[in-house]
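Residue numbers (mature numbering (1 follows the signal peptide of the UniProt record, and there is no 0)): -19 to -1, 1 to 205.
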């Protein structure tokens, strides 16, 4: 009991105005500062638990912080290093997209419009500090005429998509391009002053089973 009282007294005396606690130190630099060894008698093995995403690390000064487990995984090759892939696949019983089915990839969000031709749209995920321009290149591949290439807000210009501090979360259509059944569209774009490069692939497939039609909508975003 006396030992516990001494420890409690030390903890109280070593607290500063920022509610920092020191053990064997009168000048704690963190919320809990231990100048000595730390023993934990029992912990659980969470190797296979996907909810545990962080690993504790220390530096030369003994500060304990964390890094993400995914950052410790080796890259399979130089072309997939630091690559992220986000995808969304859903079905509808009409040829229209569902505009609430949104895919978030880095600084962008994508969705199919619920209007005719299921046009693909995008907006920003965060309010920019200033107005920005987003340039996009787009390939259309379909069975009718074959191939088409866009570089702006429509098929006839190279005008950038303009996002402001007020319209940043309002979806804009990619070049007003229509999406037909079995047509594949690929878009390439970047965010100003950001090192990441984005590629978005979209696809719509018509299925007929027992004379009933359904449509699958596929969107896959790669962030490099």
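Cβ atoms here follow ideal geometry from the backbone N, Cα and C, with glycine treated the same way. Values in this document were obtained by computation on a predicted structure and should not be read as measured data.
Do residue i and residue j have their C-beta atoms closer together than 9 angstroms?
i	j	result
residue 30	residue 194	no
residue 163	residue 89	no
residue 36	residue 49	yes
residue 115	residue 144	yes
residue 199	residue 186	yes
residue 68	residue 202	yes
residue 108	residue 149	yes
residue 133	residue 106	no
residue 11	residue 44	yes
residue 112	residue 139	no
residue 196	residue 165	no
residue 142	residue 119	no
residue 71	residue 64	no
residue 20	residue 34	no
Taking all protein chains shown into account, decide if residue i is buried (16 or more other Cβ within 10 angstroms of its Cβ) or exposed.
i	result
residue 9	buried
residue 84	buried
residue 183	buried
residue 130	exposed
residue 78	buried
residue 3	buried
residue 100	buried
residue 207	Residue 207 falls outside the range modelled here, since the chain spans only -19 to 205, and no answer is possible.
residue 47	exposed
residue 179	buried
Which class does residue i belong to by DSSP, given the choice of helix, strand or coil?
i	result
residue 50	helix
residue 3	strand
residue 196	strand
residue 120	strand
residue 79	coil
residue 64	coil
residue 144	strand
residue 138	coil
residue 69	strand
Can you give the beta carbon distance from residue i to residue j, rounded, assuming they're within the 8 angstroms contact cut?
i	j	result
residue 152	residue 102	4 angstroms
residue 16	residue 5	4 angstroms
residue 14	residue 1	7 angstroms
residue 80	residue 94	6 angstroms
Regarding residue i and the ligand HEM, is the C-beta to nearest heavy atom distance less than 8 angstroms?
i	result
residue 16	Judged by which ligands are present, the structure shown has none, so any question about the ligand HEM falls away.
List in chain order: all unbroken beta strand (DSSP E) runs of 3+ residues lying wholly within the segment 83 to 113.
Taking only runs of at least 3 residues, the beta strand (DSSP E) segments lying wholly in the segment 83 to 113 are 84 to 86, 89 to 93 and 101 to 105.
Within the segment 19 to 45, ranges of the beta strand (DSSP E) (whole runs, at least 3 residues)
Here the runs fully enclosed are 35 to 39.
Length at least 3, wholly inside the segment 157 to 194: the beta strand (DSSP E) runs in chain order:
Listed in chain order, they are 165 to 171 and 178 to 190.
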